[in-house]
Every structure is written in C-alpha cells, then in structure tokens.
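Top to bottom, those sequences are chains A and B. Numbers in my numbering are just positions in the first sequence, counted from 1, shifted up by 21. Numbers in my numbering are just positions in the second sequence, counted from 1, shifted up by 19. Input: a single structure, listed below in structure tokens.
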Amino acid sequence: MAKRVTGPEIEKLIQLLAKVPGLGPRSARRAALHLVKKKEQLLGPLAEAMGEAHRKVRICSCCGNVDTIDPCTVCTDERRDQSVIIVVEDVADLWALERAGAMNAAYHVLGGTLSPLDGIGPDDLNIKGLVDRVGKGGVRELILAVNATVEGQTTAHYITDQLEGMEVKITRLAHGVPVGGELDYLDEGTLTAALRARTTI
Amino acid sequence: MQWSDQAIILGIRRHGESSVIAEVMTSGHGRHLGLVRAGRSRAMQPVLQPGNSVEVTWRARLDEHLGEFRVEPIELRAARLMEKAISVYGIQALGALLRLLPERDPHPHLYKALAVIVDHLQDPADAGELFVRFELAVLDDLGFGLDLSECAATGRCDELVYVSPKSGRAVSREAGAPYAERMLALPNFLSGRQNAADHDALAAAFRLTAHFLNRHVYEPRGINASSARDGFVQATLKALSPASPSAA
Chain A
22 MAKRVTGPEI
32 EKLIQLLAKV
42 PGLGPRSARR
52 AALHLVKKKE
62 QLLGPLAEAM
72 GEAHRKVRIC
82 SCCGNVDTID
92 PCTVCTDERR
102 DQSVIIVVED
112 VADLWALERA
122 GAMNAAYHVL
132 GGTLSPLDGI
142 GPDDLNIKGL
152 VDRVGKGGVR
162 ELILAVNATV
172 EGQTTAHYIT
182 DQLEGMEVKI
192 TRLAHGVPVG
202 GELDYLDEGT
212 LTAALRARTT
222 I
Chain B
20 MQWSDQAIIL
30 GIRRHGESSV
40 IAEVMTSGHG
50 RHLGLVRAGR
60 SRAMQPVLQP
70 GNSVEVTWRA
80 RLDEHLGEFR
90 VEPIELRAAR
100 LMEKAISVYG
110 IQALGALLRL
120 LPERDPHPHL
130 YKALAVIVDH
140 LQDPADAGEL
150 FVRFELAVLD
160 DLGFGLDLSE
170 CAATGRCDEL
180 VYVSPKSGRA
190 VSREAGAPYA
200 ERMLALPNFL
210 SGRQNAADHD
220 ALAAAFRLTA
230 HFLNRHVYEP
240 RGINASSARD
250 GFVQATLKAL
260 SPASPSAA
C-alpha cells in the first residue's frame, strides 16, 4: 500500500479537482499543490468565490441559463431584441454564441438533446418552457442553434413540430465549410450541404 | 478476440471527455457496442453519426468485454438524413426498434434491410412502406411474426382485408365481416393486392404494427414506444396527405 504524503484535507481537494473536466489525477495533484502554495493569493479567494457562487447560482426560470439572478442577466437586458430567441443545447453554447457577438437576441437553453441511447426524452428537456414562452406572444423568430448531429437535428425537428400552428418564423444554423477547413478533409455530407447553401460573391 | 465487419451506426453515448461508446448494427455480429477512443474528436464526430455506414474492427481481451472499435467510414449519409424530419426521425426510430433485439445476436437480414431503408428515408412512401416491413421483420425475429399469407378461418389466400388482433393472422373479408369492428385493417400493400402504399394504407399499417409491438413487446417489458416512431409516423403521413404540396 502506498504511503500517504498529505493530510486527508489535501487528498480530498485533489480528489474533487480530479472531477473537473480537463483535469486528471496527476494534473489535479499539480493544481492542488499550486493552490496550497499560493494559499493567500489564490486558495483563499478561490474558496470564497466558489462559496459565493454556490450560494447564489441558480437556473433562470425564463430561459434555463445559469446566473446568480433570476430572471438572468440576458433575459433582463433591455438592449436585446427579445422578439428573437436563439435556442441552444447547453449554457456553454450560449457563451460561445455570445463570444461571437453576432446576434443581439434572447436565448433559450434546452439542457441537452433528445437521445434514445441515453434515455433522454422530450420531458427531460426544457422544451415545454420554450413552447410556453412562444405561446405568450411577442416572439418573431426562433433560431434553432443546436449541434449539427442527428440527435441535435431530431431535437430541432421535434421543437418545430411542437410549435406548429404558432405564428413564429423558425430558422436553423447553416451547415457547411468551417473557417480554416480544407475541403479534402471534409466529409461528403458537409460538402453537399455547403454546395447546396452556396452564395454569390 | 478480434473481428472486422460492415456496420451502420445506430447511436453514440459520451464516455469521459474524449471517447464515446458507439452502438452499431453489424452484418454478422448483430447489434454491438464498443468504445471508440477519441470518438469526440473533430475527425471522428462526423463519422460517428447515426445512419453512416462504416467498417468496424472490434478488439477485446475476452468475448464478454465491451471492447474497442476502430472505425473507418464507408458512406457518410448523416448530413443528408438531417435535412428532413422524416429521415431524422426514421433513423432514430429504426435504432429504437433494433434495441429491442438482444445485443450481439446476428440478424443479417435485418442489417441488409436497414442498409436499404437508410438510403430511402427521404422518400415518404418508400420510407413508410419499408419501415412497416422492417417492424414486421423485427416482430418476426422476436418470435411474434404475423401470418398474412392466408385466412386464419377459411384458408383462402384472396380477399384478405383484416388481421386478428389476438392471433396476428390474416382474415378474409367474408370470415371477418361479423367481427369487423374488432379487427385490424390489413393494408393492400401487405397482402400483395397493391404495390404502392398510399396515405390511408400506411396509416393502417402503422396502426397494425403498433398494436402488435405494444401487445408483445412494449407492454410485457413495461416500456413505451420511442417518441421518434411517433415523429416518423406523423412526418410520413403529413407528407403523403392529399393536402400536402409534396403529395400532389
């Protein structure tokens, strides 16, 4: 049996850090050591920030976003066009689209996609909230910004079916060649989609 | 242990940060699962989409292990399937049907049928008819096949218009008349009287297969039919409805 070199508190810190995406047992050990060495400058403020986030963080009752206020910052932002809603799978997608800054719209976070293999059905996603939101009126366009996967597109079609009869324009993201992508390495499906969606220069 | 086979991707499940567990329908090894290392990489994600045909090499130390897949693309049709509701629901519903079968149990005829259907999923009439025949084939492989070749009461092979909801056998118009209200309709294209399936015939066929799937499979197992089947049925019937522009 390996001898222990640290106390249980540090071992627990390492075990918890190892559960963070991107960190394995070795990198968690390095991170823990760094935090312990920088106790005053890093470990203390980090613990405080995490404690505060833990106390305040909540899911927005309107769009499903993660924030410390409910409704969230995005939903209460009056400068945004609340008549356009971008539907995303996950909060990470919302953040990615916000980084791009291409649209000044509201969002709706589904919390995943329909996945028969994982047993995720329509009731497990925030689809009913979206239908209710559109049903209240005032929504002009719904942009389905789900992943270009079969599961993502199944979810998009399911949402479209649920909103049938409601007066809202439903659009989805284009599929095609990514910036920096080389045609030689693209799959046939993406190339076909890109050719179909070609634009005039 | 190692083998290589042609396969069609049915689904994937995330495993850790970079790998996935892929579920495939193989030609000679049935529905099979395996770990694909780096399956979430940019290169592998387009390949590991449901509906794509691939060559898989499965490797494990013991036969009962999950094992690892090495995957090579053969035909990537997922992007085409994603275009229409009917095809995207169709491939998910086909996967759900195949999940009713035991894992690693070879069903080469179902693999061949699946390979044909995935190429016709965008045409509502073809997709609907092939899907119904696929459901009947799955029922047959599960031991609950329907006998639609002759009348259960008279032995006649013509005028077959009903199916007994209990025995799953065809019944002729004459013999079934007194019980018509309780009988299930046998669509023309399943009794060989007509080749092309229209809206009404497909609606009847979907009711027929749904009845026997519920009776023999879903209810005894305490599960529900997949929502993808409902989506596929609705999309097919909507496309074939006389009011639909595509049906005109």
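Glycine included, every Cβ here is placed at the ideal spot set by N, Cα and C.
{"Query": "Taking the CB atoms as reference points, tell me whether Asp91(A) and Cys81(A) lie closer together than 8 Å.", "Result": "yes"}
{"Query": "Ala97(B) lies in the alpha helix (DSSP H); which residues open and close that run?", "Result": "97-100"}
{"Query": "With a threshold of 8 Å between beta-carbons, can Tyr237(B) be considered close to chain A, or not?", "Result": "no"}
{"Query": "From which residue to which residue does the beta strand (DSSP E) around Ile107(A) run?", "Result": "102-109"}
{"Query": "Alpha carbons only, please: which of Asp138(B), His51(B), Cys170(B) is nearest the one belonging to Thr76(B)?", "Result": "His51(B)"}
{"Query": "Buried or exposed: Asp208(A), going by 16 or more other Cβ atoms within 10 Å of its Cβ?", "Result": "buried"}
{"Query": "To the nearest angstrom, report how far apart Ala267(B) and Leu259(B) are at their CA atoms.", "Result": "In this predicted model, Ala267(B) has a pLDDT of only 46, less than 50, meaning its place in the structure is not dependable; the value taken from the coordinates is given anyway. So the two alpha carbons sit approximately 9 Å from each other."}
{"Query": "Strictly below 8 Å CB to CB, what residues from chain A border Ser245(B)?", "Result": "Pro137"}
{"Query": "Please state the DSSP three-state secondary structure of Lys59(A).", "Result": "coil"}
{"Query": "With a threshold of 8 Å between beta-carbons, can Pro143(B) be considered close to chain A, or not?", "Result": "no"}
{"Query": "Would you say Gln183(A) lies against chain B (beta-carbon separation less than 8 Å)?", "Result": "no"}
{"Query": "I want to know whether the segment 181-188 of chain A touches the segment 120-138 of chain A - three or more CB-CB distances under 8 Å.", "Result": "no"}
{"Query": "Considering only the beta carbon of each residue, do Leu131(A) and Val112(A) sit closer than 8 Å?", "Result": "no"}
{"Query": "Closer than 7 Å, Cβ to Cβ, to anything on chain A: give me those residues from the segment 102-124 of chain B, in chain order.", "Result": "Ala104, Val107, Tyr108, Ile110, Gln111, Gly114, Ala115"}
{"Query": "Just reading off the alpha helix (DSSP H) that Pro92(B) is part of, what are its end residues?", "Result": "From DSSP, Pro92(B) is part of no alpha helix (DSSP H) but of the beta strand (DSSP E) over 87-94."}
{"Query": "For the segment 131-148 of chain B against the segment 171-186 of chain B, are there 3 or more C-beta pairs whose distance is under 8 Å?", "Result": "no"}
{"Query": "When you compare only the Cα positions, how much space is there between Asp159(B) and Pro29(A)?", "Result": "59 Å"}
{"Query": "If you measure between the beta carbons of His128(B) and Gly49(B), is that distance less than 8 Å?", "Result": "no"}
{"Query": "Relative to the C-alpha of Ala98(B), which residue among Glu122(B), Phe231(B), Ala41(B), Asn71(B) is closest?", "Result": "Asn71(B)"}
{"Query": "Let me see if you follow: with CB-CB separation under 8 Å, is Thr192(A) close to chain B or not?", "Result": "no"}
{"Query": "Report the start-end ranges of each beta strand (DSSP E) in the segment 187-222 of chain B that is 3 residues or longer and not cut off at the edges.", "Result": "189-191"}
{"Query": "Drop a sphere of 10 angstroms on the beta-carbon of Asn243(B), count the other beta-carbons inside from all chains shown, and report buried for 16 or more, exposed for fewer.", "Result": "exposed"}
{"Query": "Is Glu148(B) helix, strand or coil when you go by DSSP?", "Result": "helix"}
{"Query": "Return the chain-ordered list of same chain residues with a C-beta closer than 6 Å to the C-beta of Phe251(B), the five sequence neighbours on each side being excluded.", "Result": "Tyr108, Gly109, Ala112"}
{"Query": "Can you pull out the residues from the segment 76-100 of chain B whose beta carbon lies closer than 9 Å to at least one beta carbon of chain A?", "Result": "Pro92, Glu94, Leu95, Arg96, Ala97, Ala98, Arg99, Leu100"}
{"Query": "Note down, in chain order, every chain B residue with its Cβ under 7 Å from the Cβ of Glu223(A).", "Result": "Nothing about residue 223(A) can be read from this structure; chain A reaches only from 22 to 222."}
{"Query": "Could you check whether the Cβ of Gln25(B) sits closer than 8 Å to any Cβ belonging to chain A?", "Result": "no"}
{"Query": "Could you give the residue range of the alpha helix (DSSP H) that holds Val155(A)?", "Result": "148-156"}
{"Query": "Please tell me whether Arg32(B) has its Cβ less than 8 Å away from any Cβ of chain E.", "Result": "Here chain E cannot be found, since the structure's protein chains are A and B."}
{"Query": "Which residues, in order along the segment 200-215 of chain B, keep a beta-carbon less than 7 Å from a beta-carbon of chain A?", "Result": "none"}
{"Query": "Are there any heavy atoms of the ligand NAP lying less than 7 Å away from the beta-carbon of Leu56(A), as far as the coordinates show?", "Result": "No copy of the ligand NAP occurs in the structure displayed, which carries no ligand at all."}
{"Query": "Quick check on this structure: which residue in Gly210(A), Pro42(A), Ala177(A) has the alpha carbon closest to the alpha carbon of Val152(A)?", "Result": "Ala177(A)"}
{"Query": "Taking C-alpha atoms, which residue in Val105(A), Lys157(A), Leu204(A) lies nearest to Leu165(A)?", "Result": "Val105(A)"}
{"Query": "Compute the Euclidean distance between the alpha carbons of Asp249(B) and Leu120(B), then round it to the nearest angstrom.", "Result": "20 Å"}
{"Query": "I need the straight-line Cα distance from Arg25(A) to Ala117(A), nearest angstrom please.", "Result": "42 Å"}
{"Query": "Taking 8 Å as the limit between beta carbons, can you name the residues of its chain near Arg100(A), skipping five residues before and five after?", "Result": "Asn125"}
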